[in-house]
Amino acid sequence: MTEEKIFERDEKNYLPVFKRYRIVLERGEGVYLYDVNGKKYLDFLAGIAVNVLGHNYQPLVKAISEQAAKVIHVSNLYYTQPQADAAAKLVALSGLDRVFFANSGAEANEGALKIARKFAKKFSADKTQIITAWNSFHGRTLATLTATGQPHYQEGLEPLPAGFEYVHFNDAAELAEKISDKTCAVMLEPIQGEGGVYPPKDEYLKKVRALCDKHGALLIFDEIQSGIGRSGKFFAYQKYGVKPDIVTLAKGLAGGVPIGAFCVTEEVAQAFKPGDHGTTFGGNPLACAAANVVLDTVPDEKFLAHVEEVGKYFKSRLIDLQKKYPAQIGEIRGEGLILGAQLTNPKRSGVEIVNECMKRGAIINCTVGTVLRFIPPLIITEAHVDELIKILDGVLGE
Ligand SMILES: *Cc1c(COP(=O)(O)O)cnc(C)c1O
71 MTEEKIFERD EKNYLPVFKR YRIVLERGEG VYLYDVNGKK YLDFLAGIAV NVLGHNYQPL
131 VKAISEQAAK VIHVSNLYYT QPQADAAAKL VALSGLDRVF FANSGAEANE GALKIARKFA
191 KKFSADKTQI ITAWNSFHGR TLATLTATGQ PHYQEGLEPL PAGFEYVHFN DAAELAEKIS
251 DKTCAVMLEP IQGEGGVYPP KDEYLKKVRA LCDKHGALLI FDEIQSGIGR SGKFFAYQKY
311 GVKPDIVTLA KGLAGGVPIG AFCVTEEVAQ AFKPGDHGTT FGGNPLACAA ANVVLDTVPD
371 EKFLAHVEEV GKYFKSRLID LQKKYPAQIG EIRGEGLILG AQLTNPKRSG VEIVNECMKR
431 GAIINCTVGT VLRFIPPLII TEAHVDELIK ILDGVLGE
């Protein structure tokens, strides 16, 4: 089928909720994707921080194929080794005590919010307030879009679940005013992703931890984007020396196979009894076999040191571009391989820059309309960074 035919077929039948770029992707190899015409693209989006090991990574393909030939799915009413292994690895990595597997980020967050509410009920019936940050992103289910501190995700969907309130990220004083003994949980992305790539300042997360402890509120870190090695540590919270009571993961966890997870302390885990939560697909043997490859690869010290190093190099090259094009690029933000470049030229939209890069063979992303966001496979090298910078330089210099 030709590209035009595929556009036409999709546009006639698929719910038009995405503003799609007009290419049809067919296959991938390493950090490159190919469209149906055979055109090659350097992939600095990685399916939105998903393909952490790149495309067609042989150990992952092998693990998925071998598991599919054994059994793809069994009910969570039974034990499987891939799930037992993946859970043990996440417990060891997180320093938390128990794991639940879901199918997506939103679902992982939904489960985290449910267990937090149930936990707080043990102390007081009105300990229900959940505080999240403006500009955050936590997913598209009714509870998680309510947790998301961006009103445009909520408009028209009212009535929204009750009990959610928002504070400005990086403003510990505002949180100190809002938090109380009625607060059930504070949920934050340690590094805001979708909202424009904002890392935490100074001792912000430590202050948040102290405030949660003072008021008996749980601290939930949404590491769906910042986790799985992206910051240079397996969990971004390890970078900031702050441990949450609950952490959520998804995106890169199975290298592209749909999965989500939340990890909790033993104390919090006690809030759920058999029957209180569940899932048909979540953590099935296929997804967990894929997750096991990621969990055997990314936490390796050398792997994480590579992310840190190539991330530093990438950031320095972005700062060079900022110096060359000060009228177009403002602040460069981020850690490891979650980097953002603030666009400052009102005459040139982010979408236009993304489209220009695509024409020249690079897939990048623009979030909140004005921030170029780079969340590539974690296996990129300095040569890939140079290739992207050259393309960006050409586009910005036009
Ligand atoms: C992507 C994302 C989600 C939602 O994940 P889905 O798999 O799309 O439901 C939640 N939180 C953060 C921080 C994310 O980046």
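Just so you know, the sequence shown maps onto residues 71 to 468 in our numbering. Each residue gets a CB set at the ideal place from its N, CA and C atoms; glycine is no exception.
**Prompt:** Taking 6 Å as the cut-off, is the CB of E259 close to at least one heavy atom of ligand 1?
**Reply:** Reading the sequence shown from its first residue, position 189 is the one you call residue 259. Yes; taking the cut-off as 6 Å, the Cβ of E259 has a heavy atom of ligand 1 nearer than that.
**Request:** Compute every distance between the C-beta of G295 and the non-hydrogen atoms of ligand 1, then say whether any falls below 6 Å.
**Result:** On the sequence shown, residue 295 is found 225 positions in, with the first residue counted as 1. The sequence given here has Gln at residue 295, not Gly. At least one heavy atom of ligand 1 is nearer than 6 Å to the Cβ of Q295, so yes.
**Request:** Let me know if Q262 comes out buried or exposed under the rule of 16 or more other beta-carbons within 10 Å of its beta-carbon.
**Result:** As a working note, residue 262 is residue 192 in the sequence shown. Classification of Q262: buried, given that the 10 Å Cβ count is 16 or more.
**Prompt:** In three-state terms, what does DSSP make of V169?
**Reply:** Counting from 1 along the sequence shown, the entry for residue 169 is found at position 99. It is a strand residue.
**Request:** Report the residue from V256, K252 and H238 whose alpha carbon sits nearest the alpha carbon of K271.
**Result:** As a first step, residue 271 is located in the sequence shown; it is residue number 201 there, counting from the start. For K271, the nearest C-alpha among the options comes from H238.
**Message:** If distances are taken between C-alpha atoms only, which option among G420, T349 and A361 comes closest to L147?
**Reply:** Translated into positions along the sequence shown, residue 147 becomes position 77. Comparing Cα positions, the closest option is T349.
**Request:** Evaluate the contact criterion for the stretch 340–347 versus the stretch 185–202: three or more CB pairs, one atom per stretch, below 8 Å.
**Result:** yes
**Request:** Return the chain-ordered ranges of every alpha helix (DSSP H) run that is complete within the stretch 108–132 and spans a minimum of 4 residues.
**Result:** 116–119
**Message:** Can you list, in chain order, the residues of its chain with a C-beta nearer than 7 Å to that of R279? Leave out the 5 residues immediately preceding and following it.
**Reply:** Translated into the one-based positions of the sequence shown, residue 279 becomes position 209. Only L289 and V312 meet the Cβ criterion.
**Item:** Among H454, M257 and L356, the one whose alpha carbon lies nearest that of V144
**Value:** Here residue 144 is taken as the residue at index 74 of the sequence shown, counted from 1. Of H454, M257 and L356, the residue nearest in Cα terms is L356.
**Message:** If contact is defined by three or more beta carbon pairs under 8 Å, each pair taking one atom from either stretch, is the stretch 290–309 in contact with the stretch 357–369?
**Reply:** These segments touch.
**Prompt:** For L130, which residues of its own chain have a beta-carbon under 7 Å away from its beta-carbon, when the five flanking residues on both sides are left out?
**Reply:** Here residue 130 corresponds to residue number 60 of the sequence shown, with the count starting at 1. Correct list, in chain order: L123, G325, A360 and V363.
**Request:** Taking 7 Å as the cut-off, decide whether the C-beta atoms of F332 and T318 are in contact.
**Result:** By one-based count along the sequence shown, residue 332 stands at place 262. By one-based count along the sequence shown, residue 318 stands at place 248. Yes, these two residues count as a Cβ contact at 7 Å.
**Request:** Could you pull out every unbroken beta strand (DSSP E) segment of at least 3 residues lying fully inside the stretch 330–361, listed in chain order?
**Result:** Taken in chain order, the complete beta strand (DSSP E) segments of 3 residues or longer contained in the stretch 330–361 are 330–334.
**Asked** Pick from A397, R403 and P396: whose alpha carbon is nearest that of K382?
**Response** Numbered from 1 along the sequence shown, position 312 holds the residue referred to as residue 382. It is R403 whose Cα lies nearest to the Cα of K382.
**Message:** Just to confirm, is the Cβ distance from C254 to I200 under 7 Å?
**Reply:** Start at 1 with the first residue of the sequence shown, and residue 254 comes out as number 184. Start at 1 with the first residue of the sequence shown, and residue 200 comes out as number 130. A contact, by the Cβ cut-off of 7 Å.
**Message:** Just to confirm before moving on: does the CB-CB distance between G490 and S206 stay below 7 Å?
**Reply:** A query on residue 490 cannot be resolved here, the shown segment of the chain reaching from 71 to 468 and no further.
**Item:** the stretch 411–429 / the stretch 95–107 touching (three or more Cβ pairs under 8 Å)
**Value:** no
**Message:** Following a CB-centred definition, is G263 positioned closer than 6 Å to any heavy atom of ligand 1?
**Reply:** Residue 263 sits at position 193 when you count from the first residue of the sequence shown. Yes, the Cβ of G263 comes within 6 Å of a heavy atom of ligand 1.
**Item:** G181: CB within 6 Å of a non-hydrogen atom of ligand 1
**Value:** In the sequence shown, residue 181 corresponds to position 111, counting from 1. For ligand 1, not one heavy atom lies less than 6 Å from the Cβ of G181.
**Request:** Look up R443 in the DSSP assignment and say whether it is helix, strand or coil.
**Result:** Counting from 1 along the sequence shown, the entry for residue 443 is found at position 373. Residue state, collapsed to three classes: strand.
**Asked** Taking K277 as the reference, which of E247, E293, D292 and V267 has the closest Cα?
**Response** Numbered from 1 along the sequence shown, position 207 holds the residue referred to as residue 277. Nearest of E247, E293, D292 and V267 to K277, Cα basis: E247.
**Item:** Helix, strand or coil at T211 [DSSP, three-state]
**Value:** Here residue 211 refers to the residue found at position 141 of the sequence shown. It is coil, neither helix nor strand.
**Prompt:** Can you tell which of R443, I294 and L230 has the C-alpha that lies nearest to the C-alpha of L258?
**Reply:** Walking along the sequence shown from the start, residue 258 turns up at place 188. The option with the nearest alpha carbon to L258 is I294.
**Request:** Using only alpha-carbon positions, find the residue among A232, G330 and F193 that is nearest to A157.
**Result:** Taking the sequence shown and counting its residues from 1, one reaches residue 157 at position 87. For the residues A232, G330 and F193, the minimum Cα distance to A157 belongs to G330.
**Request:** Using only alpha-carbon positions, find the residue among T451, V465, G233 and K82 that is nearest to F114.
**Result:** In the sequence shown, counting from the first residue as 1, residue 114 sits at position 44. Nearest option by C-alpha distance: T451.
**Message:** Measuring only the C-alpha atoms, how far is K303 from L323?
**Reply:** Counting from one through the sequence shown, the residue named residue 303 turns up at place 233. Counting from one through the sequence shown, the residue named residue 323 turns up at place 253. About 14 Å.
**Request:** Could you check how far apart the C-beta atoms of E73 and V106 are, in whole angstroms? I think they sit under 8 Å.
**Result:** One-based indexing of the sequence shown puts residue 73 at position 3. One-based indexing of the sequence shown puts residue 106 at position 36. About 6 Å separates the two Cβ atoms, so the contact holds.
**Message:** Does the distance between the C-beta of A232 and the nearest non-hydrogen atom of ligand 1 fall short of 6 Å?
**Reply:** In the sequence shown, counting from the first residue as 1, residue 232 sits at position 162. Ligand 1 never approaches A232 closely enough for any of its heavy atoms to be under 6 Å from the residue's Cβ.
**Asked** Taking only runs of the alpha helix (DSSP H) that begin and end inside the stretch 254–320, which ones reach a length of at least 4 residues, in chain order?
**Response** 274–285 and 306–310
**Item:** Paired residues, beta bridge with T202 - DSSP
**Value:** The sequence position of residue 202 within the sequence shown is 132, counting from 1. Paired residues: Y236.
**Asked** Would the beta-carbon of I445 fall within 7 Å of that of A203?
**Response** Residue mapping note: residue 445 aligns to position 375 of the sequence shown, counting from 1. Residue mapping note: residue 203 aligns to position 133 of the sequence shown, counting from 1. No, Cβ-Cβ distance for I445 and A203 is not below 7 Å.
**Asked** Below 7 Å between beta carbons: does that hold for Y307 and P231?
**Response** Your numbering for residue 307 matches position 237 in the sequence shown. Your numbering for residue 231 matches position 161 in the sequence shown. No, they are not a contact pair.
**Three-state secondary structure (DSSP) of I423** = Translated into the one-based positions of the sequence shown, residue 423 becomes position 353. I423 falls in the helix class under three-state DSSP.
**Message:** Could you check whether the Cβ of G175 sits closer than 6 Å to any heavy atom belonging to ligand 1?
**Reply:** Taking the first residue of the sequence shown as position 1, residue 175 is located at position 105. Flag set: Cβ of G175 near ligand 1.
**Prompt:** When burial is assigned at 16 or more other CB atoms within 10 Å of the CB, is G439 buried or exposed?
**Reply:** Counting from one through the sequence shown, the residue named residue 439 turns up at place 369. If you draw a 10 Å sphere on the C-beta of G439, you find fewer than 16 other C-beta atoms in it, and that means exposed.
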